[in-house]
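Undergrad: Counting from 2, one number per residue, gives the positions in the sequence shown under the numbering used here.
All residues carry an ideal CB built from backbone N, CA and C; glycine is no exception.
Can you keep this structure in mind? I'll have questions shortly.
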Amino acid sequence: MSIKATPWHSALSREIRVRRGVVLFGNVRDITRDPQGRRGPVSVLDATVDVLKSAGYRQVVLWDRVNGVQGVSPAQWRDVVSAATPSQPTQEGEAYDAGPRPERAPAGRIATDPVEFLNVVAASVKSETAEPPAFVLDWTEYMFGDPNSLPAAERDWLTLLGKATRDVPLASTTAISRPPVIVLVCSGLAVLPPALYVNNPDWATVSIPLPNREQREEAILGLGSALQISTPISPNTRGLTDLVDALDGLTVKDIHNIAALSNIERGLSSESLVSLYKFGEHTSPWEQLNRDKLRTTTQTLGERVKGQDRAIEAVNKVLIRAYTGLSGLQHSRKQRTPKGVLFFVGPTGVGKTELAKSLAQFLFGDEAACIRFDMSEYNHEHADQRLVGAPPGYVGFEEGGQLTNAIKKRPFAVLLFDEIEKAHGRILDKFLQILEDGRLTDGRGETVQFADTFIVFTSNIGAAEVDRHSPNVRDEFIERVRDHFVEHLHRPELLGRIGEANIIPFDFIDNDDFLVEIARSKLTPLRLRLQEKWGISDIRFDDEVRALRAVVSTMDRTAGGRGVLAALSDSIIDPLANFLFENLTSPLDADGRTLRVAQLADGPEFGFRLVQ
C-alpha cells in the first residue's frame, strides 16, 4: 500500500514554516502513518518530530513536566542553553523580564521545572542562530488550570510562551524562512488558555481528527492475520465495508486493541467483536432484533398504547424497513447514522410519549432506555449549550451537555424529543447534524456517536386546527407538519432528513371502548402498588367495564389519555386513598385480602371494602 500524506502532517509542515507557535490538538494519543513512509504506524509525537526534522530542524527538544527535556543528548541541551544565554554581561534594561535567566545546565540535567525550561525557550527564540531549535511541549492539557482563574505561576508560563513567539527577530532571513518554533501537544483546545492562541498571528492550531474511512480501512488491512474473526476480512468485500463503518469514531489504537481482543475471544463475528470492545457485550440489542420478535411488534406495543392501531402499524413498518436494511438499521453503509427516526404528531394525551416508552421496552428490554427531553425547556437562543455543553470559559463547561452525557451513559437508547416545535431554531441545527452524520461534538471537544440510538420527535403541530371529526385527519396532520418545516421554519432540509414516510399521525381518541381500555391499563400499576404497599392481593369490581364507562363519562375528552387518568384519580384513586387512610393502621391489616369496589348507582361514585 502506497504511503499518502496525512492531512495534519501537511498542515503542521506548512504552519511551522510560517508561525512561531503551533497548537497540535485532538487525537494526539493515537498512532499514525510514518510521515517518511519508512516504517509502520508511529505515535503522534514521533510523527511530529519527523515533520519538524523534515522541515530542517536538526535539534528537536521534547519536554513534559514529568521527564523534562528529552529528544536531545545532554551535550545538545547544553548547546541549546549556551546559544540562548551568551556569556557576555547584559546591559541594564536588556534582561528578559518574565523570570530569571536560566543557568547553564550541567550534563544530565533534564529541566523539569516549567519556569526554567520556558526561560530557555524564550531566550532561544530571541537569539539569532544558524540552527534554530524546535521545542515540542507534550501533555500540555495538564499544564494549565481553569483559564478564567490561572494562578500567578501559570500566568508567568503563559507570558513566557507569548513573549517567546512574539520576540522572534523579524529582520533575520533565517528566522523568516525557518524560525524557532514551539509546538504544544494537547488533547483539546479547551484545556489551554484561549488568550495564547486566539487572534494571535504568531500561533496556529492544527487539528488531528479521528481516522477517516480510508485510514480505518488501511489499519484493518494492515493487521493481517492478527485480526481473528469468524469470517476473515478481505479487500473490496462487503465484510470489510461493514467493519470500517462499525469502527467509525474509534482510533487506530482502538483498532489494534480490537485485534488483540480477537485473539482472546476467538471465533466472534466482526459485529460481536466490536460490540464486545465498545460496550462489554458480545451482542448488541440491535443484533437480537430478529424476524420472530418483529412479528410481535404490533401486539406488544398495542398492549400499552390503546386506540392507535394505525400509528403502531406505521411504527412496525419503519422497524421492518430498518431491519431489512432499507433505512440503515443493519448491514448498511450508513451504520454511523441513527438506527431509525420517527416523528409522532397528534393531539395531546393520545399516546405519543407512551408509544416511545413502549418502543424502548420492546427494543432494549427497559423502559428507562427511553431518554426524554422536554423541548419547551430549550426555547431560548443559547439552549443548545444545555444539550451539548457550554464552550470553554462559560458556566457549565465542566458539566458537559445533557444530551451528550446521556448517550455516553446509555448508547443504546430511544431519544424522545418531546414537543419539538417549541425548541429554539438553533437546536434544529444540532438535530440536522445528528440525523446526517450520526455524531455530535460536545463543548469539551468529545465526539458522541448516535449510531445505536432510535430517535423519536413528538409534536402537537396542527392539533388546534385539525377537525377531530374530519375523515382526513391523518393527511391534515402531515400537511401541517410539512407547512411548519417549510413555510414557518424555512428548514425543508430537516424535514428531508426525517423523511415524510416517518411522520406518524395519531388519531383523536373518541371511542368509549378505547377510553375504557386505557382506564383498564391504568389499573395495572394501581394493583401492583397496593400489593407492594399494603399486601392487597387484588382489586375486584362488581362490573369492571360498567364502572370504567362511568369513570370515562366524566373526563375531559380533549385531554385524551391524560383525561382518563385525571378521571380515575377523581373517581377511584383519591377515594381509595381516603379509605385506606381511615381504615388501615398497618400493612398487616390488609395483607392477603382482596379489595372489592362497588359502584354506587350508575355514576362514578364507588365504595370500598376488604374481604378475605
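Return the residue from the list L490, P36, R411, I479 that minimises the CA-CA distance to A502.
TA: Of L490, P36, R411, I479, the residue nearest in Cα terms is I479.
Undergrad: Contact check, S522 vs R305 under 8 angstroms by CB: the rounded distance?
TA: Contact flag correct, Cβ pair sits at about 7 angstroms.
Undergrad: Could you check what DSSP says for T7 in three-state terms: helix, strand or coil?
TA: Residue state, collapsed to three classes: coil.
Undergrad: What does a CB cutoff of less than 8 angstroms around N380 pick up in its chain, not counting 5 residues either side in sequence?
TA: The residues are K423, A424, H425.
Undergrad: Give the straight-line distance between the Cα atoms of L529 and I540, rounded to the nearest whole angstrom.
TA: Looking at the two C-alpha atoms, the distance is approximately 10 angstroms.
Undergrad: Which residues does DSSP list as the beta-bridge partners of Q450?
TA: Paired residue(s): R440.
Undergrad: Compute the distance between the beta-carbons of T232 and G240, then report whether it is under 8 angstroms.
TA: Yes. Within cutoff.
Undergrad: E656 and R427 look like a contact to me (Cβ under 8 angstroms); what is the Cβ gap, rounded to whole Å?
TA: Residue coverage of the chain in this structure runs from 2 to 613, which leaves residue 656 outside it and unanswerable.
Undergrad: Restricting to Cα atoms, I'd like to know which of D147, P286, D47, T160 is closest to I32.
TA: Here the closest residue by C-alpha is D47.
Undergrad: Pick helix, strand or coil for D246, following the three-state DSSP scheme.
TA: Note: D246 maps to helix in three-state DSSP.
Undergrad: Under the rule that 16 or more other beta-carbon atoms within 10 Å means buried, what is T298, buried or exposed?
TA: The residue is buried, with at least 16 neighbouring Cβ atoms inside 10 Å.
Undergrad: Following the continuous beta strand (DSSP E) through F607, name the residue where it begins and the one where it ends.
TA: Here the beta strand (DSSP E) through F607 covers 607–612.
Undergrad: Taking all protein chains shown into account, decide if L601 is buried (16 or more other Cβ within 10 angstroms of its Cβ) or exposed.
TA: L601 is exposed by the Cβ-count criterion.
Undergrad: In chain order, what residues of the same chain have a beta carbon less than 8 angstroms from the beta carbon of V275, not counting five sequence neighbours either side?
TA: The residues are L244, A247, L248, I259.
Undergrad: Looking at the structure shown, is E95 part of a helix, part of a strand, or coil, going by DSSP?
TA: With a pLDDT of 45 at E95, under the threshold of 50, the modelled position of this residue cannot be trusted; read the value that follows with caution. E95 falls in the coil class under three-state DSSP.
Undergrad: Buried or exposed: where does L404 fall if 16 or more other Cβ atoms within 10 Å of its Cβ makes it buried?
TA: Buried, by the Cβ-count rule.
Undergrad: Taking the continuous alpha helix (DSSP H) assigned at Q386, which residues delimit it?
TA: Start and end: 385–389.
Undergrad: Does the distance from the CB of S460 to the CB of F344 come in under 8 angstroms?
TA: A contact, by the Cβ cut-off of 8 angstroms.
Undergrad: Kindly provide the ranges of any beta strand (DSSP E) runs that are 3 or more residues long and lie completely inside the region 7–61, ordered along the chain.
TA: Within the region 7–61, the complete beta strand (DSSP E) runs of at least 3 residues are 22–27.
Undergrad: Which of helix, strand or coil does DSSP assign to S208?
TA: In the structure shown, S208 sits in a strand (DSSP, three-state: E or B).
Undergrad: If you pair each beta-carbon of the region 426–445 with each one of the region 491–500, do three or more pairs fall below 8 angstroms?
TA: The region 426–445, when compared against the region 491–500, does touch it at the 8 angstroms Cβ threshold.
Undergrad: Which residues bound the alpha helix (DSSP H) around G562?
TA: Start and end: 562–569.
Undergrad: Check V582 in the structure and name its three-state DSSP category.
TA: It is Phe, not Val, that sits at residue 582 in the sequence shown. Looking at F582 - three-state DSSP - the assignment turns out to be helix.
Undergrad: If you draw a straight line from the alpha carbon of V192 to that of D468, how long is it in whole angstroms?
TA: If I take the Cα positions, the gap works out to 56 angstroms.
Undergrad: Is D513 helix, strand or coil when you go by DSSP?
TA: In the structure shown, D513 sits in a helix (DSSP, three-state: H, G or I).
Undergrad: Looking only at its chain, what residues have a beta carbon closer than 7 angstroms to the beta carbon of Q77, apart from the 5 residues adjacent to it on each side?
TA: The answer, listed in chain order, is Q60.
Undergrad: As a quick exercise: from A312, T238, W9, S74, pick the residue whose alpha carbon is nearest that of I504.
TA: When each option's Cα is compared against that of I504, the closest is A312.
Undergrad: Ignoring anything shorter than 4 residues or poking outside the region 464–492, list the alpha helix (DSSP H) runs there in chain order.
TA: For the region 464–492, whole alpha helix (DSSP H) runs of length 4 or above, ordered along the chain, are 474–484.
Undergrad: For A567, tell me which candidate among R597, P605, L589 has the shortest Cα-Cα distance.
TA: Checking every option, the nearest Cα to that of A567 belongs to P605.
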